[in-house]
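Asks: In the numbering used here, the protein residues as written are 2 to 229.
#1: Quick one, are the C-beta atoms of residue 200 and residue 217 less than 8 Å apart?
#2: Could you say if the stretch 172–191 and the stretch 150–157 meet the contact criterion of at least three C-beta pairs nearer than 8 Å?
#3: Just tell me which of 147, 51, 195, 196 has its CA closest to the CA of residue 35.
#4: Which value, in whole angstroms, describes the spacing of the CA atoms of residue 26 and residue 197?
#5: Considering only C-alpha positions, which residue in the set 124, 145, 11 is nearest to residue 132?
#6: Kindly indicate the opening and closing residues of the beta strand (DSSP E) around residue 90.
#7: Measuring CA to CA, which of 15, 128, 178, 102 is closest to residue 211?
#8: If you run the structure through DSSP and keep just helix, strand and coil, what is residue 7?
#9: Between residue 30 and residue 2, how many whole angstroms is the CB-CB distance? I'm expecting something under 8 Å.
#10: Could you give the distance in angstroms between the alpha-carbon of residue 172 and the alpha-carbon of residue 141?
#11: CB-CB under 7 Å to residue 126, same chain, minus the five flanking residues each way: which ones, in chain order?
#12: Given that a residue counts as buried once 16 or more other Cβ atoms are within 10 Å of its Cβ, and exposed if not, what is residue 90?
#13: Can you check the stretch 63–116 for any alpha helix (DSSP H) of at least 4 residues that lies completely inside it and give the ranges in chain order?
#14: Spell out the partners DSSP gives residue 202 in its beta bridges.
#15: For residue 121, does the three-state DSSP call read helix, strand or coil?
#16: Looking at the unbroken alpha helix (DSSP H) that takes in residue 188, where does it start and where does it end?
#17: Using only CA atoms, which one of 194, 62, 39 lies nearest to residue 174?
#18: Among 213, 115, 155, which residue has its Cα nearest to the Cα of residue 7?
#19: Assuming contact is defined by CB atoms lying nearer than 8 Å, are residue 87 and residue 57 in contact in what I supplied?
#20: Is there contact here, the stretch 102–117 with the stretch 6–23, by at least three beta-carbon pairs under 8 Å?
#21: Quick one: give me the first and last residue of the alpha helix (DSSP H) that residue 225 is part of.
#22: Check the C-beta distance from residue 66 over to residue 92 and give it rounded, since I have them as a contact under 8 Å.
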């Protein structure tokens, strides 16, 4: 996986003694496939099932904790639905059911028509452009900011929920300066997660993809408490 962007958490967690493995969505980073596209939820689920099996069986790790950030929260939740018995805990950051009102301006008629036309006749074509101030990776070809409509529908957090009856430990957090989601919106998603063993944490000084040095200490302490 192209895990450079996630060295922010990968390195401190690894230094604390926990092996860390990254997974790129199909069509992202170093993964193959059409850039910014996924054919179906079944295909995405199978990729996640294969990844979990690889870490658990191929690498013989007995304990597996998922970490999902932003778009990765969708992957983590989908994996929970298919491989819950193999997952001992989950860490979710920077996702909610609703965005800040100013994040996505309304599309004009031609923009909507272009997306709809593509969804019908060229469904794999990435025609939705993701743009906001302060974005990282704009000069990095391994980053991706263009998506097909069917991919966007797959990772839509408004339509996802953790498995009913889930009882594994959960750590959920957000930066207090997140440009996409208000803290209260993330807290609302957190409150929907089933189970009693869960923690909600607000990272002071953190934005959506920028986290200050040392801010992952509470996550590591949580890992030590539950899985050491």
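We put the CB at the ideal spot given by N, CA and C, even for glycine.
These figures come from a predicted structure and were not determined experimentally.
Replies: The structure says:
#1: no
#2: no
#3: 147
#4: 30 Å
#5: 145
#6: 90–94
#7: 178
#8: helix
#9: 6 Å
#10: 30 Å
#11: 119, 149
#12: buried
#13: 72–84
#14: 174
#15: helix
#16: 184–193
#17: 194
#18: 213
#19: yes
#20: no
#21: 218–228
#22: 7 Å
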